[in-house]
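This report refers to the structure that appears directly beneath it.
In structure tokens form, the structure reads like this:
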């Protein structure tokens, strides 16, 4: 049994024994059949409304498994690094907030909602999880394609301008946004959009060999010459995406506009 699976069982048992807990659900890799020895464990734990203010998550987590680090990340998620270096994400909410589960429908596909069910004393959790079943949101839309192209151009032009200024570290940071939107467009072209919000996940297996090579061509180390070459490569990849996607989607940019962007790199050799 994986260490993560052992922890999952421990938290399930803790929720079942603790009268303050109304319900618990899991999300992430282990609910999608993708969990392995490198995966996190991730939970939503719903408390009885009267217990929320006096509940100390730090004590509750330590009672299940020793940890070395506990903090809130930039998204407001409580992150714990257990002493065995397994990473966990926890959301402790009141029972009256359980309808937040419905908002997950817009984030992707949930192929096995039964595996998300951990514990419930309210009789409500299964209904909320059933709501998540079926197809996820439509990603292959004109709006999504146009949004990705426009934000790609914005990140590309900003990156090139600060690259010319000599801010190489910042240009590398901007390149990450170029990569994000290029990859979303590649996934649309490849008809592989299940991981739209986390587009690099499982990339080595999701994309064709040719598409993966395109992505590799727009990665760079912190080096002036390589950054210029990578930004140039990005434009060529974008041109190819425009040529293919224009037959299926409506968007603002075109090849004539991209030629103007190429001029921004004419002094680089």
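Numbering (the numbering used here), first residue to last: -2 to 266.
We put the CB at the ideal spot given by N, CA and C, even for glycine.
The structure displayed is predicted, hence computed values, not measured ones.
Cβ-Cβ separation, residue 154 to residue 258 (assumed contact under 8 angstroms), whole Å: Translated into positions along the chain shown, residue 258 becomes position 261. Translated into positions along the chain shown, residue 154 becomes position 157. Contact between residue 258 and residue 154 holds, with the beta-carbon distance rounding to 7 angstroms and staying under 8 angstroms.
Span of the beta strand (DSSP E) around residue 125: Residue mapping note: residue 125 aligns to position 128 of the chain shown, counting from 1. Per DSSP, residue 125 lies in no beta strand (DSSP E) segment; the continuous alpha helix (DSSP H) that holds it begins and ends at 122 to 128.
Residues of its chain near residue 75, where Cβ-Cβ distance is below 8 angstroms and the 5 sequence neighbours each way are ignored: Within the chain shown, the letter at position 78 stands for residue 75. Hits under 8 angstroms: 54, 67, 68, 69, 86, 87, 88, 89.
Coil, strand or helix - residue 246 by DSSP: As a first step, residue 246 must be located in the chain shown, where it is residue number 249. Coil, per DSSP.
Alpha-carbon to alpha-carbon, residue 255 and residue 232: For the purposes of this step, residue 232 is taken as the residue at position 235 of the chain shown. For the purposes of this step, residue 255 is taken as the residue at position 258 of the chain shown. The alpha-carbon of residue 232 is positioned some 7 angstroms away from that of residue 255.
Sequence ranges, beta strand (DSSP E) only - wholly within the segment 158 to 222, length at least 3: List check, beta strand (DSSP E) in window: nothing returned.
Residue 32 beta carbon less than 9 angstroms from that of residue 1: In the chain shown, residue 1 corresponds to position 4, counting from 1. In the chain shown, residue 32 corresponds to position 35, counting from 1. Annotated as proximal: residue 1 and residue 32, with beta-carbon spacing under 9 angstroms.
Nearest residue (CA-CA) to residue 261, options 244, 228, 169, 240: Against the chain shown, residue 261 aligns to sequence position 264. It is 228 whose Cα lies nearest to the Cα of residue 261.
Between the CA atoms of residue 248 and residue 175 - distance to the nearest angstrom: Translated into positions along the chain shown, residue 175 becomes position 178. Translated into positions along the chain shown, residue 248 becomes position 251. The alpha-carbon of residue 175 is positioned some 17 angstroms away from that of residue 248.
Identity of the residues DSSP links to residue 18 by a beta bridge: The residue labelled residue 18 in the question sits at position 21 within the chain shown. Residue 18 is bridged to 44.
Nearest-angstrom Cα separation, counted from residue 180 out to residue 142: Translated into positions along the chain shown, residue 142 becomes position 145. Translated into positions along the chain shown, residue 180 becomes position 183. As the crow flies, the alpha-carbon of residue 142 is around 11 angstroms from that of residue 180.
Assigned secondary structure, residue 69 (DSSP; H/G/I helix, E/B strand, else coil): Within the chain shown, the letter at position 72 stands for residue 69. If DSSP states are grouped into helix, strand and coil, residue 69 belongs with the strands.
Local conformation of residue 50 per DSSP, three classes: What you label residue 50 is simply residue 53 of the chain shown in a count that begins at 1. Coil at residue 50, not helix or strand.
Pick from 94, 129, 95 that is closest to residue 101, judged by C-alpha positions: Position 104 of the chain shown, counted from the first residue, corresponds to residue 101. Nearest in C-alpha terms to residue 101, of all of 94, 129, 95, is 129.
7 angstroms CB neighbourhood of residue 72 in its chain, flanking five on each side removed: Numbered from 1 along the chain shown, position 75 holds the residue referred to as residue 72. Shown here for residue 72: not one same chain residue has a beta carbon closer than 7 angstroms to its own, the five before and five after excluded.
Nearest to residue 24 (by Cα), restricted to the options 157, 106, 17, 234: As a first step, residue 24 must be located in the chain shown, where it is residue number 27. It is 106 whose Cα lies nearest to the Cα of residue 24.
Candidates 98, 60, 97, 94: closest to residue 80 by CA position: As a first step, residue 80 is located in the chain shown; it is residue number 83 there, counting from the start. Residue 80 has its Cα closest to that of 60, out of 98, 60, 97, 94.
Burial state of residue 171 (16 or more Cβ within 10 Å): Numbered from its first residue, the chain shown carries residue 171 at position 174. Taking all protein chains shown into account, residue 171 has 16 or more neighbouring C-beta atoms within 10 Å of its C-beta and is therefore buried.
Integer Cβ distance of residue 214 from residue 230, believed to fall under 8 angstroms: Counted from its first residue, the chain shown places residue 214 at position 217. Counted from its first residue, the chain shown places residue 230 at position 233. About 4 angstroms; that satisfies the 8 angstroms criterion.
Any 3 or more C-beta pairs closer than 8 angstroms across the segment 8 to 23 and the segment 38 to 45: Because the criterion of three Cβ pairs below 8 angstroms is met, the segment 8 to 23 and the segment 38 to 45 touch.
Beta-carbon separation (whole angstroms), residue 182 vs residue 238, contact threshold 8 angstroms: If you number the chain shown from 1, residue 182 lands on position 185. If you number the chain shown from 1, residue 238 lands on position 241. Here residue 182 really is in contact with residue 238; their C-beta atoms are around 5 angstroms apart, less than 8 angstroms.
Extent of the continuous beta strand (DSSP E) to which residue 262 belongs: Locating residue 262 in the chain shown gives position 265, counting from the first residue. According to the DSSP assignment, residue 262 belongs to no beta strand (DSSP E), since it is labelled neither H nor E.
Inter-residue spacing [alpha-carbon to alpha-carbon] between residue 64 and residue 243: Here residue 64 corresponds to residue number 67 of the chain shown, with the count starting at 1. Here residue 243 corresponds to residue number 246 of the chain shown, with the count starting at 1. So the two alpha carbons sit approximately 52 angstroms from each other.
Nonlocal neighbours in the same chain, by C-beta distance under 6 angstroms from residue 48, ignoring five residues either side: Position 51 of the chain shown, counted from the start, is the residue given in the question as residue 48. Result list for residue 48: 17, in chain order.
Proximity below 9 angstroms, CB of residue 178 to CB of residue 210: For the purposes of this step, residue 178 is taken as the residue at position 181 of the chain shown. For the purposes of this step, residue 210 is taken as the residue at position 213 of the chain shown. No, Cβ-Cβ distance for residue 178 and residue 210 is not below 9 angstroms.
Cα-Cα separation, residue -2 to residue 224: Taking the first residue of the chain shown as position 1, residue -2 is located at position 1. Taking the first residue of the chain shown as position 1, residue 224 is located at position 227. If you take the alpha carbons of residue -2 and residue 224, they lie about 45 angstroms apart.
Residue 127 beta carbon less than 9 angstroms from that of residue 138: Here residue 138 refers to the residue found at position 141 when the chain shown is read from its first residue. Here residue 127 refers to the residue found at position 130 when the chain shown is read from its first residue. In this structure, residue 127 does not lie closer than 9 angstroms to residue 138 by Cβ.
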